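Heads up, the sequence shown is in this note's numbering, so the first residue is 96 and it goes up one at a time.
Note that CB positions come from ideal geometry on N, CA and C, so glycine has one too.
Note that the coordinates shown come from a computational prediction; the quantities given were computed from them, not determined experimentally.
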Amino acid sequence: MASEETKPKTIDESILSYLKDHEDAGEFAQKGETALEWDSNEQMRYIMRELLIKINKRLACKEKYENLTLWHNQYPLFDMENFIPDFNIDDDMIKMLSFRETVLISELDSDRDDSRECTPNPIGSLCLNIDGIHSVLPEGVKRTCTDQELELEVLQTLQRAKHAAGPLSEKPSSSGGGGKPPPSRVDDIEAELRKKVDEFEETLKMEMYDNALKLVVHLSSQFTSGPMNGGSRITAWIDRKLHTLEEKRTEYVDFKTDRQHMEKSLYVGLQRRKYYLRHAFTLNDDEPVEERKYYSLAKARNLMGEGANFVLMRYLAITQYKGDFELSTTYINGNMCRNIYECTGPLKGTVNGQQIDICKIYRCIIEECGLQHSSCTTMTIHGRIVTQEWDGCRIIINMNPLQHIKPGTPSPYDRLCLNQTWYDDLELFSKYLDVKTDVELNMKTFIADHPEVKNILADYLNNILLLKPDNILTFTINFFESLCPTKLEKLNQFN
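In structure tokens:
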């Protein structure tokens, strides 16, 4: 007997026992109607069947929704709000993110572990430009109907809705009276329908606008270190949610001694239900060796490209975010890697002799084999790069020491303080002295060959000392114009 009591119940028995513990079925009846005089078990089975039908419908809708999310590209990808609370890139944020900056690529004269102070020596430069651009819809999805056709479609929809609302409004009212509602009620229904249609249309326009405005990232760098010359280029197409739609990334190295050229490139493209990657390796003039990879959106759900990485770091610096999170990225060979960010928030620092607020962003890339690449990027709270260093590497990225820094929002262009600083450049100063000497010799030779010029200047100075004109500029113009030959009308063929 005890074994029967401890026997687990089925879902039907559980629902029946749950419903029996509640009030009788009279409370389920509608107000103003007589309660159904069914058998208690029959009532319970009826309610249980309705519940099961709703559960099955919910499961079917959920399965259909999951299939639709797999069919579309954007929805399965990561949502930055899950990593950064209140993440939003609106029009104002795009304006703050969109600017061009140029920084130096420098090589340290000693290792960081040495007790000596490391001095960066410029060996190249890097230019980064981020801009918001409206994308052009493909020809196959452009809207073909005119505004008049769209307005006609809206009016027809309103008429159908009005026709459907008519029979419903003819039902007897709650007070027992019958008949149609007054015309004012119909006008109210029509106005409400038109208001909802306008709101829905505005929502669609905003959604199309948000999807159409994309971010374009261009990065180009080049440096020379000893016998090696290298550089990189990145061109990326990103949406507001920092999803990489397309990206072309190239890295190259030239060795002058061996006359050897190596180049690696990676193309990343978002396709239907997958990411397409094409890696190419070129050595000298040989044919490039290509390798293609396909990553499902389930595996590449949190993929963050290198172009989107620069946009994200600017966003983190501007919003002064503090915290850590993890995404994924791709190495230059196309392999998936872990991508970990850690932000310190705003700090006080000195940049080019000015006290400003800065942010430090630590990034760690972990390859599938376990190899780690750690970097530390220091940025201003306006998104400009101050320094970027890699663990175990003597090559760094740093802001130009001549860059003009001041509190507040920086200018949209790079401003350099060049007053008297070019004297420190020996090569430039030597060229200036050479040109100055050549010009002085040419002027002395010309005056020696033309003594009349010396006489004209002597007469000009004598007239100034004797006449003492009030407006020296007007007097000078009139004096030298009187010495010019008769002015001839300029002919069109000599323009």
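Give me the DSSP bridge partner(s) of residue i.
i, result
"R328", "S315, T345"
"A375", "S360, E385"
"S220", "L199, Q317"
"M431", "T425"
"I492", "I200, Q483"
"H468", "I460"
"P441", "C454"
"P215", "L203"
"Q415", "Looking at the DSSP assignment, Q415 forms no beta bridge with any residue, so it has no partner."
"I228", "K309"
"T504", "Looking at the DSSP assignment, T504 forms no beta bridge with any residue, so it has no partner."
"L398", "S423"
"F350", "M323, Q355"
"T473", "K455, T482"
"L365", "Y370"
"I333", "L310, T339"
"S391", "K369"
"V446", "Q449"
"I436", "Reading off the sequence, residue 436 comes out as Tyr, not Ile. According to DSSP, which records beta bridges pairwise, Y436 is partnered with F420, R458."
Measuring alpha carbon to alpha carbon, tell me which of the options ends up nearest residue i.
i, options, result
"L308", "L407, G418, L337", "L337"
"L199", "C488, I480, I456, F524", "I480"
"R555", "F574, P564, A412", "A small fix is needed here, since residue 555 is Tyr in this sequence, not Arg. Answer by Cα proximity: F574."
"H468", "W485, P180, D349, W332", "W485"
"A403", "I225, V530, C471", "I225"
"T197", "V406, S316, V384", "S316"
"E547", "S201, A286, L578", "L578"
"L422", "L146, F173, R144, E145", "F173"
"N177", "T569, E385, R396", "R396"
"T445", "N428, H499, F420, F350", "H499"
"C432", "V348, A375, T439, E401", "E401"
"R195", "G227, C213, T214", "G227"
"L442", "N434, F420, T473", "T473"
"T439", "T414, Q449, N324", "T414"
"Y347", "R354, Q355, K359, D353", "K359"
"V406", "I333, D380, H356, D419", "I333"
"L552", "T571, L523, N566", "T571"
"N379", "K563, R354, H545, G326", "R354"
"M357", "A375, V530, K563", "A375"
"V312", "V534, A331, N434", "A331"
"S67", "L223, N216, T214", "Shown here, the chain extends from 96 to 590; a query on residue 67 therefore has no answer."
Is the CB-CB distance between residue i and residue j below 8 Å?
i, j, result
"L221", "I451", "no"
"K549", "I542", "yes"
"L314", "R328", "yes"
"M191", "G478", "yes"
"Y416", "I189", "no"
"N324", "K343", "no"
"E382", "R373", "no"
"P496", "N447", "yes"
I believe residue i touches residue j by the beta-carbon criterion, under 8 Å. Please report the beta-carbon distance rounded to the nearest angstrom.
i, j, result
"S320", "I218", "5 Å"
"L398", "T377", "So it is not a contact: roughly 25 Å between Cβ atoms."
"T475", "I456", "Not quite, the Cβ-Cβ distance comes to about 12 Å (not below 8 Å), so this is no contact."
"E202", "I490", "5 Å"
"L361", "I427", "6 Å"
"K501", "Q449", "7 Å"
Comparing the C-beta of residue i with each C-beta of chain D, is any distance below 8 Å?
i, result
"L340", "No chain D appears in this structure, which consists of one protein chain only."
Query raised in the report: Between the stretch 359-372 and the stretch 331-348, are three or more C-beta pairs nearer than 8 Å?
Result: Result yes; three or more Cβ-Cβ pairs closer than 8 Å.
Requested in this report: Would you check if there are 3 or more beta carbon pairs closer than 8 Å linking the stretch 383-400 to the stretch 452-468?
Outcome: Taking one beta carbon from each stretch, the stretch 383-400 and the stretch 452-468 have fewer than 3 pairs nearer than 8 Å; the two do not touch.
**Report entry** Segment contact, 8 Å Cβ cut-off, at least three pairs: the stretch 179-197 with the stretch 409-425
**Finding:** A contact between stretches requires three or more CB pairs, one per stretch, nearer than 8 Å, and the stretch 179-197 meets this requirement with the stretch 409-425.
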